[in-house]
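Take a look at the structure below.
There are 2 protein chains.
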Amino acid sequence: MIQELKDNYKDVFEEGLINEINQVATFKEIPENFKIIEIGDYIKSMPLLLSGVIKIFREDTNGDELLLYFLENGDTCAMTLSCCIGQSKSEIRAVTETQVKLLMIPVQKMEEWMAKYNSWRTFVLNSYHNRLNEVMETVDSIAFLKMDERLLKYLKDKARVTHNNSIHNTHQEIAYELHTSRVVVSRLLKKLENMGKIELNRNHIRLVEL
Amino acid sequence: MIQELKDNYKDVFEEGLINEINQVATFKEIPENFKIIEIGDYIKSMPLLLSGVIKIFREDTNGDELLLYFLENGDTCAMTLSCCIGQSKSEIRAVTETQVKLLMIPVQKMEEWMAKYNSWRTFVLNSYHNRLNEVMETVDSIAFLKMDERLLKYLKDKARVTHNNSIHNTHQEIAYELHTSRVVVSRLLKKLENMGKIELNRNHIRLVEL
DNA sequence: ATACTACAGTAACATATGTTACATTGGAAA
DNA sequence: TTTCCAATGTAACATATGTTACTGTAGTAT
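Residue numbers (the working numbering), protein chains in the order written: chain A, 1038 to 1247; chain B, 1038 to 1247.
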């Protein structure tokens, strides 16, 4: 029995399902900053996150990108999920933010379990619910917040998912994820530092208040 | 038998399910510009759209609002759906854009059918899939497009769902839906008119090219 | 130590969008 | 017709964000 599976999902899935997952799933360990899914990929199995953090990106036709949200322990990728079912291409890119451990579940099992296990149905629907809410929160950020507020929110989100109030990123990397320019990020970070909200250092930023 | 149910869903649901829906669903006819769901509402039944168009809005803490997407014939409200299951509050507002006809389905039936009917599971998952894609398209618009491009896209979307290349709105109403100001909308509409893309008249706008 | 390079700071300017204020006009109501 | 008001047009200005160009600096490689 895969230990992380039992630890993380014993209150989510009934025992029979846990055993089935244990039998058919493939365990994978992936290093940080690794591209798991690219836009346009066809997906043949569904990832179940055991540990670590995954970043989900959206990209426009010019190659400009934007961070949509983070996936954490216990999450699954709803997009992948619906790609499996609908046999459509991925609309997002998934990149590991930290080292991750995950289970890959074959599509046909997924559908079988939808009919068989109540806890699986609940899990799948909850995943969609959570993902929809997260994308809508992203809409809120872009539509209603100014760039300095978005930047601070980004830093806090990152600190939360990595359980670390030091963010190890260059200003350029942050600029890519927020879809703005390095100069703008530097300018606003300096402003946040002057307001006493963060401390700036080369290659890392410390959140003063969480 | 409700005629629109058979017409719209005979290729989507198996016959037994159509009959069950026909028995337990409540038929409703709602006039245009009517608020169906408010943010914070608890939802006790799920709407199935038979005809007409519904607008879905997001709102921030200051009361500023933003149009997320339109629902058309054959759609259901995925948000409502997940509110039913998770027993959580609505995160969105739903307003009729035109007169609509819809069926209200009790939550408990919804869950029962998830176990019983394959076609129902497919429908629910497809709904989530479509809604996620639409919210992500909204993210694209806000993140990657300039206001004049967003405005033109808005007009085209509205023309598409209402099957009418005349948009009957004041500039102020458009400004609310795009979360900008009336003056900005007027300015950019005039620019689009000068480019030959639209024709401006009092209280309505005609799309020259679709 | 020296040179090099990625990263960060910042000024100066360009552009998009938001705001205020006021003028004009079409159509409804009296 | 006359009056009135919502809708629209537009100028002038404010602000946020994007861009270009240059500087300084920490850390690495030679």
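The beta carbon of each residue, even a glycine, is placed where N, CA and C say it ideally should be.
Among the candidates the options, whose CA atom is the shortest distance from the CA of residue i?
{"i": "residue 1121 of chain B", "options": "B:1077, B:1159 and B:1104", "result": "B:1077"}
{"i": "residue 1238 of chain A", "options": "A:1215, A:1208 and A:1059", "result": "A:1208"}
{"i": "residue 1095 of chain A", "options": "B:1075, B:1175 and B:1141", "result": "B:1175"}
{"i": "residue 1085 of chain B", "options": "B:1113, B:1214 and B:1061", "result": "B:1113"}
{"i": "residue 1123 of chain B", "options": "B:1082, B:1090 and B:1203", "result": "B:1082"}
{"i": "residue 1215 of chain B", "options": "B:1140, B:1179, B:1229 and B:1193", "result": "B:1179"}
{"i": "residue 1139 of chain A", "options": "A:1195, A:1184, A:1235 and A:1073", "result": "A:1073"}
{"i": "residue 1183 of chain B", "options": "B:1042, B:1203, B:1041 and B:1217", "result": "B:1217"}
At the 7 Å Cβ level, is residue i part of the contact set with chain B, yes or no?
{"i": "residue 1119 of chain A", "result": "yes"}
{"i": "residue 1154 of chain A", "result": "no"}
{"i": "residue 1181 of chain A", "result": "yes"}
{"i": "residue 1049 of chain A", "result": "no"}
{"i": "residue 1123 of chain A", "result": "yes"}
{"i": "residue 1254 of chain A", "result": "With chain A covering only 1038 through 1247, there is no way to say anything about residue 1254 of chain A."}
{"i": "residue 1130 of chain A", "result": "no"}
{"i": "residue 1137 of chain A", "result": "no"}
{"i": "residue 1176 of chain A", "result": "yes"}
{"i": "residue 1208 of chain A", "result": "no"}
{"i": "residue 1097 of chain A", "result": "yes"}
{"i": "residue 1172 of chain A", "result": "yes"}
{"i": "residue 1166 of chain A", "result": "yes"}
{"i": "residue 1216 of chain A", "result": "yes"}
{"i": "residue 1188 of chain A", "result": "no"}
Just the Cα atoms here: how many angstroms apart are residue i and residue j?
{"i": "residue 1154 of chain B", "j": "residue 1165 of chain B", "result": "17 Å"}
{"i": "residue 1181 of chain B", "j": "residue 1101 of chain A", "result": "8 Å"}
{"i": "residue 1222 of chain B", "j": "residue 1240 of chain B", "result": "13 Å"}
{"i": "residue 1198 of chain B", "j": "residue 1118 of chain B", "result": "22 Å"}
{"i": "residue 1087 of chain B", "j": "residue 1137 of chain B", "result": "7 Å"}
{"i": "residue 1070 of chain B", "j": "residue 1132 of chain B", "result": "6 Å"}
{"i": "residue 1125 of chain A", "j": "residue 1107 of chain A", "result": "22 Å"}
{"i": "residue 1055 of chain A", "j": "residue 1190 of chain B", "result": "46 Å"}
{"i": "residue 1167 of chain B", "j": "residue 1150 of chain A", "result": "22 Å"}
{"i": "residue 1160 of chain B", "j": "residue 1147 of chain B", "result": "11 Å"}
{"i": "residue 1211 of chain B", "j": "residue 1129 of chain B", "result": "18 Å"}
{"i": "residue 1145 of chain A", "j": "residue 1233 of chain B", "result": "52 Å"}
{"i": "residue 1162 of chain A", "j": "residue 1116 of chain A", "result": "12 Å"}
{"i": "residue 1224 of chain B", "j": "residue 1186 of chain B", "result": "13 Å"}
{"i": "residue 1243 of chain B", "j": "residue 1213 of chain B", "result": "20 Å"}
{"i": "residue 1059 of chain B", "j": "residue 1066 of chain B", "result": "16 Å"}
{"i": "residue 1064 of chain A", "j": "residue 1226 of chain A", "result": "40 Å"}
{"i": "residue 1201 of chain B", "j": "residue 1110 of chain B", "result": "15 Å"}
{"i": "residue 1169 of chain B", "j": "residue 1172 of chain A", "result": "8 Å"}
{"i": "residue 1231 of chain A", "j": "residue 1143 of chain B", "result": "55 Å"}
{"i": "residue 1235 of chain A", "j": "residue 1177 of chain A", "result": "23 Å"}
{"i": "residue 1105 of chain A", "j": "residue 1203 of chain A", "result": "21 Å"}
Can you tell me whether residue i is buried or exposed? The criterion is at least 16 other CB atoms within 10 Å of its CB, across all chains shown.
{"i": "residue 1092 of chain A", "result": "buried"}
{"i": "residue 1098 of chain A", "result": "exposed"}
{"i": "residue 1038 of chain A", "result": "exposed"}
{"i": "residue 1045 of chain B", "result": "buried"}
{"i": "residue 1246 of chain B", "result": "exposed"}
{"i": "residue 1048 of chain A", "result": "exposed"}
{"i": "residue 1068 of chain B", "result": "exposed"}
{"i": "residue 1220 of chain A", "result": "exposed"}
{"i": "residue 1051 of chain B", "result": "exposed"}
{"i": "residue 1089 of chain B", "result": "buried"}
{"i": "residue 1134 of chain A", "result": "buried"}
{"i": "residue 1228 of chain B", "result": "exposed"}
{"i": "residue 1195 of chain B", "result": "buried"}
Quick one: is residue i near chain A, going by C-beta distance under 7 Å?
{"i": "residue 1199 of chain B", "result": "no"}
{"i": "residue 1141 of chain B", "result": "no"}
{"i": "residue 1158 of chain B", "result": "yes"}
{"i": "residue 1194 of chain B", "result": "no"}
{"i": "residue 1151 of chain B", "result": "yes"}
{"i": "residue 1162 of chain B", "result": "yes"}
{"i": "residue 1244 of chain B", "result": "no"}
Exercise for review: May I have a chain-ordered list of the beta strand (DSSP E) segments no shorter than 3 residues that lie completely inside the region 1047–1113 of chain B?
Suggested key: 1063–1067, 1072–1074, 1082–1088, 1091–1096 and 1102–1108
Point to revise | Length-filtered (4 minimum) alpha helix (DSSP H) runs lying within the region 1145–1219 of chain A | key: 1155–1181, 1184–1199 and 1208–1215
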